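Asker:
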Amino acid sequence: MKASTSRAKLHPRNQHLNGYDLDLLTEQHPALSAFIITTPAGTKSIDFSDNKAVKTLNQALLKAHYNVDFWDIPQHNLCPPIPGRVDYIHYLADLLADDNQTQIPTGRQVKVLDIGTGANLVYPLTGGHEYNWHFTGTDIDPAAIKVAKQIAQFNNLKITLKQQKNAANIFKGVINSKDLYHLTLCNPPFHASSEDAVKGSERKWKNLGKAPSSTLNFGGQNNELWCEGGEVQFISNMIKESAAVAEQVMWFTSLVSKKDNIAALEQELKQHPIAQYKIVDMAQGQKVSRFIAWSYFDKATREQICEELE
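Quick note on the numbering used here: the sequence shown kicks off at 882 and runs consecutively.
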């Protein structure tokens, strides 16, 4: 069974729905003031082609809106745009609410697994603040897990972090036999090769009105940006693996960067005894993104699981 949802702008609960309040952000994080520029239209902004400016903006956003006093990542790690990442969290909350009489389940009894949490830890930091869910983050990179643990510790946050020691696995080795997660989420590597990643970077620089460069203004290492077969292969592998832990996860989800990839993923889903799947569109400014969600539980069973959260 398929359901589709479409939106025209950031989620209504997204704190960044009306843009950035740069005065508030510089007040909360004075270091940002060094990166404020005036656009040709006479408005304040930052230079989004400057990775230091982007990271400092993220520090300010996390501090001002999510009570994250300390956040820093190595220069080579992915520096995610906060508004779009938080949108995913809010739509996941709506996904749970659909099975809970329209009420969003909150509190640490709601268990969420973040696949590929990265050094930035963005989903546990923002989702934990917005809904007080308990997050478990996994990553194949031990250095990323180390940085993520430091961020959690510095901010006195209880976030579980696990290294995925086998790069060929996604759920195996991190979901134990006694685990039950209400959600999994993932921002998969969407390029199929390093060459594709470079081309994608050059397009971003062109969109920013800058000369082409292979440097990413939002950073990112190889394992964060590309994998063999791109996002279709990665998510297809995720769907295949999900069958082995079907009774331990209420909703599996993943971002899908390219609309054209949805058809192939739907074909993969049809190879498994999925009770329901959804494609949820999220429009963020001029960019439209989406996530795919699938569950092996029928709606009545999911509603019963949510009742147990009360």
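No residue lacks a Cβ here, since even glycine has one placed at the ideal position from N, Cα and C.
Just so we're clear, the structure is a prediction, and the values are computed from it rather than from any experiment.
Provide the residue span of the beta strand (DSSP E) that contains Ala995, from first to last.
Answerer: By one-based count along the sequence shown, residue 995 stands at place 114. Strictly speaking, residue 995 in this sequence is Asp, with Ala absent from that position. Segment Lys992 to Ile996, the beta strand (DSSP E) holding Asp995.
Asker: Identify which residue in Glu1149, Asn939 and Leu1006 has its Cα closest to the Cα of Gln909.
Answerer: Taking the first residue of the sequence shown as 1, we reach residue 909 at position 28. Per the Cα distances, Asn939.
Asker: Apart from the five residues just before and just after Asp968, which ones in its own chain have a Cβ nearer than 7 Å to its Cβ?
Answerer: Here residue 968 corresponds to residue number 87 of the sequence shown, with the count starting at 1. Leu891, His892, Asn895, Met1163 and Gln1165, listed in sequence order.
Asker: To the nearest whole angstrom, what separates the beta carbons of Ile996 and Ile1040, a pair I think is in contact under 8 Å?
Answerer: By one-based count along the sequence shown, residue 996 stands at place 115. By one-based count along the sequence shown, residue 1040 stands at place 159. Contact doesn't hold; Cβ gap of about 14 Å is too wide.
Asker: Is Ala1174 near Lys1159, with beta carbons less than 8 Å apart?
Answerer: Against the sequence shown, residue 1174 aligns to sequence position 293. Against the sequence shown, residue 1159 aligns to sequence position 278. Against a cut-off of 8 Å, the Cβ pair of Lys1159 and Ala1174 comes out as a contact.
Asker: Taking the alpha-carbon of Asp1141 as reference, which of Pro1069, Ser1170, Asn1037 and Trp952 has the nearest alpha-carbon?
Answerer: Residue numbering aside, residue 1141 sits at position 260 when the sequence shown is read from its first letter. Per the Cα distances, Ser1170.
Asker: For the ligand PLP, is there any heavy atom lying closer than 7 Å to the beta carbon of Ser1117?
Answerer: The ligand content of the structure shown is nil, which means the ligand PLP is not present either.
Asker: So, with DSSP's three-state summary, where would you put His897?
Answerer: Residue numbering aside, residue 897 sits at position 16 when the sequence shown is read from its first letter. Correct three-state label for His897: coil.
Asker: Excluding five sequence neighbours on each side, which residues of the same chain lie with their C-beta closer than 7 Å to the C-beta of Ile1026?
Answerer: Residue mapping note: residue 1026 aligns to position 145 of the sequence shown, counting from 1. Answer for Ile1026: Asp1020, Leu1042 and Gln1044, listed in chain order.
Asker: For Gln982, which of Glu1184, Leu1190, Thr1134 and Leu943 has the nearest alpha-carbon?
Answerer: Taking the sequence shown and counting its residues from 1, the one referred to as residue 982 is at position 101. The shortest Cα separation from Gln982 among Glu1184, Leu1190, Thr1134 and Leu943 belongs to Glu1184.
Asker: Check whether the Cβ atoms of Ser1117 and Leu1146 lie closer than 8 Å to each other.
Answerer: For the purposes of this step, residue 1117 is identified with residue 236 of the sequence shown, where counting begins at 1. For the purposes of this step, residue 1146 is identified with residue 265 of the sequence shown, where counting begins at 1. Their beta carbons are under 8 Å apart, which means Ser1117 touches Leu1146 by this criterion.
Asker: Leaving aside the five residues before and after Leu905 along the sequence, list all residues of the same chain whose C-beta is less than 8 Å from its C-beta, in chain order.
Answerer: As a first step, residue 905 must be located in the sequence shown, where it is residue number 24. For Leu905, where only same-chain residues beyond five positions count, the Cβ hits under 8 Å are Ala945.
Asker: Considering only their Cβ atoms, is the gap separating His1153 from Ala1124 smaller than 8 Å?
Answerer: For the purposes of this step, residue 1124 is identified with residue 243 of the sequence shown, where counting begins at 1. For the purposes of this step, residue 1153 is identified with residue 272 of the sequence shown, where counting begins at 1. A contact, by the Cβ cut-off of 8 Å.
Asker: Taking just the CA atoms, how far does Cys1187 sit from Pro986?
Answerer: Walking along the sequence shown from the start, residue 986 turns up at place 105. Walking along the sequence shown from the start, residue 1187 turns up at place 306. For Pro986 and Cys1187, the distance between alpha carbons rounds to 7 Å.
Asker: Give the DSSP-derived three-state secondary structure of Leu1042 in the structure shown.
Answerer: Along the sequence shown, read from residue 1 onward, the residue named residue 1042 stands at position 161. The answer is strand: DSSP assigns Leu1042 an E or B state.
Asker: Output the distance between the C-alpha atoms of Glu1149 and Phe1133, rounded to the nearest integer angstrom.
Answerer: Within the sequence shown, the letter at position 268 stands for residue 1149. Within the sequence shown, the letter at position 252 stands for residue 1133. Each residue's alpha carbon lies about 14 Å from the other.
Asker: Please classify Ile918 as buried or exposed, where buried requires at least 16 neighbouring CB atoms within 10 angstroms.
Answerer: On the sequence shown, residue 918 is found 37 positions in, with the first residue counted as 1. Exposed, since its Cβ has fewer than 16 Cβ neighbours within 10 Å.
Asker: Can you list, in chain order, the residues of its chain whose CB lies under 6 Å from that of Thr920, leaving out five sequence neighbours each side?
Answerer: The sequence position of residue 920 within the sequence shown is 39, counting from 1. For Thr920, where only same-chain residues beyond five positions count, the Cβ hits under 6 Å are Ser926.
Asker: Pull up the DSSP beta-bridge partners for Thr907, would you.
Answerer: By 1-based counting over the sequence shown, the position of residue 907 is 26. BP columns for Thr907 are empty, so no partner.
Asker: Run the CB neighbour count on Gly1008, radius 10 Å, all protein chains shown included, and call it buried at 16 or more, exposed below.
Answerer: The residue given as residue 1008 occupies position 127 in the sequence shown. Buried, by the Cβ-count rule.
Asker: On the DSSP letters alone, give me the boundaries of the alpha helix (DSSP H) that Leu943 sits inside.
Answerer: Taking the sequence shown and counting its residues from 1, the one referred to as residue 943 is at position 62. Its alpha helix (DSSP H) spans residues Asn932 to Tyr947.
Asker: Mapping the DSSP letters down to three states, classify Tyr1177 as helix, strand or coil.
Answerer: Taking the sequence shown and counting its residues from 1, the one referred to as residue 1177 is at position 296. Residue state, collapsed to three classes: coil.
Asker: My output table needs one value for His1010: the three-state DSSP class, helix, strand or coil.
Answerer: The count along the sequence shown starts at 1 and reaches residue 1010 at position 129. Helix.
Asker: By a C-beta neighbour count over all protein chains shown, 10 Å radius and 16 as the cutoff for buried, is Gly965 buried or exposed?
Answerer: As a first step, residue 965 must be located in the sequence shown, where it is residue number 84. Classification of Gly965: buried, given that the 10 Å Cβ count is 16 or more.
Asker: Of the residues Leu1002, Leu976, Asp1022 and Phe1115, which one's Cα is nearest the Cα of Ile954?
Answerer: What you label residue 954 is simply residue 73 of the sequence shown in a count that begins at 1. Here the closest residue by C-alpha is Leu1002.
Asker: With a threshold of 7 Å on Cβ separation, who are the neighbours of Gly1054 within its own chain once the five nearest residues in sequence on each side are excluded?
Answerer: Working through the sequence shown from its first residue, we reach residue 1054 at position 173. Taken in chain order, the residues that qualify are Gln1045, Lys1046 and Asn1047.
Asker: In three-state terms, what does DSSP make of Gln1129?
Answerer: Counting from one through the sequence shown, the residue named residue 1129 turns up at place 248. Gln1129 falls in the helix class under three-state DSSP.
Asker: Please determine, among Val991, Gln984, Ala978 and Gly999, the residue with the shortest C-alpha to C-alpha distance to Trp952.
Answerer: As a working mapping, residue 952 is identified with position 71 in the sequence shown. Taking only the C-alpha atoms, the option nearest Trp952 is Gly999.
Asker: For Lys1035, which residues of its own chain have a beta-carbon under 8 Å away from its beta-carbon, when the five flanking residues on both sides are left out?
Answerer: Working through the sequence shown from its first residue, we reach residue 1035 at position 154. Note that residue 1035 is Phe in the sequence shown here, rather than Lys. Once the five neighbours on either side are set aside, the close Cβ partners of Phe1035 are Asp950 and Phe951.
Asker: Go to Lys916, then tell me how far its beta strand (DSSP E) extends in each direction, as first and last residue.
Answerer: Reading the sequence shown from its first residue, position 35 is the one you call residue 916. The sequence as given places Phe at residue 916; Lys does not occur at that position. No beta strand (DSSP E) contains Phe916, which DSSP labels as neither H nor E.
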